[in-house]
Amino acid sequence: MMEKEIQLLDKDSLMVLKFLKENRNEPEDVKCIAEILQLSIEEVEKALHTLEARGYQIVYEGGCSARLLHLPETLFPWDVEDGISTRFMGRVVRAFEEVDSTNIFAARWAQEGAPDGAVVVSEKQNAGRGRFNRQWVSPAGKGIYFSLILRPEMPMSQVSMLTFLAAAALAETLAREFGIDAQVKWPNDVLVKGRKICGILSEVKSAKTKGKAEYVVIGIGINVNHTKEDFPLDSLTSATSVQIETGKEIVRAKLLQKVLQLMEYYYEEYKTTGFSWLRDRWMERNCTMGRFVRINTNTEGFVEGETVGLSEQGGLLVRLPSGELREFLAGDVSIGSANFR
Ligand code: BTN
Numbered sequence: 039m040m041e042k043e044i045q046l047l048d049k050d051s052l053m054v055l056k057f058l059k060e061n062r063n064e065p066e067d068v069k070c071i072a073e074i075l076q077l078s079i080e081e082v083e084k085a086l087h088t089l090e091a092r093g094y095q096i097v098y099e100g101g102c103s104a105r106l107l108h109l110p111e112t113l114f115p116w117d118v119e120d121g122i123s124t125r126f127m128g129r130v131v132r133a134f135e136e137v138d139s140t141n142i143f144a145a146r147w148a149q150e151g152a153p154d155g156a157v158v159v160s161e162k163q164n165a166g167r168g169r170f171n172r173q174w175v176s177p178a179g180k181g182i183y184f185s186l187i188l189r190p191e192m193p194m195s196q197v198s199m200l201t202f203l204a205a206a207a208l209a210e211t212l213a214r215e216f217g218i219d220a221q222v223k224w225p226n227d228v229l230v231k232g233r234k235i236c237g238i239l240s241e242v243k244s245a246k247t248k249g250k251a252e253y254v255v256i257g258i259g260i261n262v263n264h265t266k267e268d269f270p271l272d273s274l275t276s277a278t279s280v281q282i283e284t285g286k287e288i289v290r291a292k293l294l295q296k297v298l299q300l301m302e303y304y305y306e307e308y309k310t311t312g313f314s315w316l317r318d319r320w321m322e323r324n325c326t327m328g329r330f331v332r333i334n335t336n337t338e339g340f341v342e343g344e345t346v347g348l349s350e351q352g353g354l355l356v357r358l359p360s361g362e363l364r365e366f367l368a369g370d371v372s373i374g375s376a377n378f379r
């Protein structure tokens, strides 16, 4: 176990940062900032130095009016918490420079009592985990590698749908924020033109009460500011990133806020309206239905057929060439041509 947590900012620096963010268009001089925030001039100057040392680019116009020019590259926890409009998701964030896997840390923190909606995020993962024990390549500063801890008051059968909820919310966020045509591939990959842009790995700890979860860790990896060179050679044709798709460098803290906001909205709706609402959201963004697929089932080898629906357990409903309707609860899907019949 090897982790380096990002040191939190002191209270004065947080206050000054918030002020600078809110007044980017109307810079104030240090004396005014001190008066407004009820700090001494020395305290404001010290805070400004602290912020500069953390990578915030501040310019002094007319000699003393401080303007925040650029946020640093680092995904700081206070930049995620600041201005987020969620009720509980992402209200408490622990951020790391490096960690083995945010999922592993989140599970440990959940055992120790992390609150519902807490988030663990890291600049880099040394042992990022994917589905089927695959590795999740997590180069420093490029992606958003995070785990969301939930303590859902719902039966286990509904808990399994949270991964679908995350996938649908991720794809929808990328579409709304960047106009990217992101689609979900069963069970929970998010793809753009067949290339993976987000992956999700959920892990559940059952509660002592039968059929309930003590907590769920939803681990999400989003390829954000990766360039082609950041991917290993063998995934060049199967992976993409927000930057590759848009040609723009993305502020990761803002994107993480947007993802959490939509996930929370989907979560609240799912809790009150149930499966059909969530299935509609997932269906709107999916690229799996009505397709000829090949499923690597891991238990009975490869099975082929046409996808016809999503079951209440999140299973993929497939019509086999024999006419039999089968439900698959796990597996790796390769998609063939549309409307193969
Ligand atoms: C997959 O598609 O195989 C799932 C990938 C999940 C990767 C994320 S990155 C953050 C979290 N921590 C991990 O170790 N894995 C998940």
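Following our numbering, the numbering of the sequence shown begins with 39 at its first residue and continues without gaps. Yeah, the Cβ is synthetic: ideal placement off N, Cα and C, and Gly gets one too.
Between residue i and residue j, what straight-line distance do the alpha-carbon atoms span, to the nearest angstrom?
i: S244; j: T211; result: 30 angstroms
i: L200; j: S103; result: 47 angstroms
i: V137; j: N164; result: 6 angstroms
i: V130; j: A204; result: 19 angstroms
i: C325; j: S279; result: 18 angstroms
i: N263; j: T247; result: 43 angstroms
i: A206; j: I74; result: 43 angstroms
i: T345; j: R329; result: 6 angstroms
i: E362; j: G343; result: 10 angstroms
i: R323; j: E66; result: 45 angstroms
i: E338; j: A368; result: 11 angstroms
i: A376; j: M327; result: With a pLDDT of only 49 at A376, under the threshold of 50, the placement of this residue in the model should not be trusted; the figure read from the coordinates follows. So the two alpha carbons sit approximately 9 angstroms from each other.
i: G93; j: L109; result: 7 angstroms
i: L298; j: S51; result: 25 angstroms
i: A148; j: A251; result: 12 angstroms
i: K223; j: E99; result: 50 angstroms
i: K42; j: S176; result: 15 angstroms
i: M301; j: F170; result: 24 angstroms
i: R214; j: T124; result: 18 angstroms
i: K69; j: K56; result: 16 angstroms
i: A312; j: M194; result: The question names Ala, but residue 312 is Gly in the sequence shown. The straight-line gap from Cα to Cα measures roughly 14 angstroms.
i: T335; j: E64; result: 59 angstroms
i: D20; j: T275; result: As displayed, the chain neither begins before 39 nor continues past 379, which places residue 20 out of reach and without an answer.
Out of the options, point me to the one whose CA is closest to residue i's CA.
i: K49; options: C70, E64, L77, E66; result: L77
i: G168; options: A152, P153, S185, D154; result: S185
i: D272; options: R233, P359, N226, Y305; result: R233
i: F126; options: N171, I187, Q173; result: I187
i: E287; options: A152, C236, F216, Q95; result: F216
i: P115; options: V82, G128, K309, K42; result: G128
i: Y183; options: A291, E81, G347, E191; result: A291
i: A152; options: F170, N171, R132; result: R132
i: Q173; options: P270, L113, M40; result: P270
i: R146; options: Y253, Q281, N336, T311; result: Y253
i: E191; options: N226, G181, Y305; result: Y305
Could you check if residue i is buried or exposed, using at least 16 other CB atoms within 10 Å of its CB as the buried criterion?
i: R62; result: exposed
i: E90; result: exposed
i: Q45; result: exposed
i: F378; result: Low confidence applies here, because F378 scores a pLDDT of 40, under 50, leaving its location unreliable; read the following figure in that light. Exposed, by the Cβ-count rule.
i: E283; result: buried
i: I79; result: exposed
i: L293; result: buried
i: G249; result: exposed
Looking at residue j and residue i, is the spacing between their C-beta atoms short of 7 angstroms?
i: G179; j: E267; result: no
i: I238; j: I260; result: no
i: E365; j: G353; result: yes
i: I333; j: V371; result: yes
i: A156; j: V255; result: no
i: L134; j: S160; result: Here residue 134 is Phe; the residue named in the question, Leu, does not match the sequence. In this structure, S160 lies closer than 7 angstroms to F134 by Cβ.
i: L208; j: V228; result: yes
i: I373; j: V331; result: yes
i: R189; j: D154; result: yes
i: F347; j: L358; result: It should be noted that the sequence gives Gly, not Phe, for residue 347. Not in contact: G347 and L358 (Cβ atoms no closer than 7 angstroms).
Please look up how many angstroms separate the CB atoms of residue i and residue j, rounded, as I've assumed it's under 8 angstroms.
i: G166; j: S139; result: 6 angstroms
i: L47; j: T88; result: 7 angstroms
i: A85; j: V54; result: 4 angstroms
i: W315; j: E307; result: 6 angstroms
i: V242; j: V197; result: 6 angstroms
i: I96; j: L107; result: 7 angstroms
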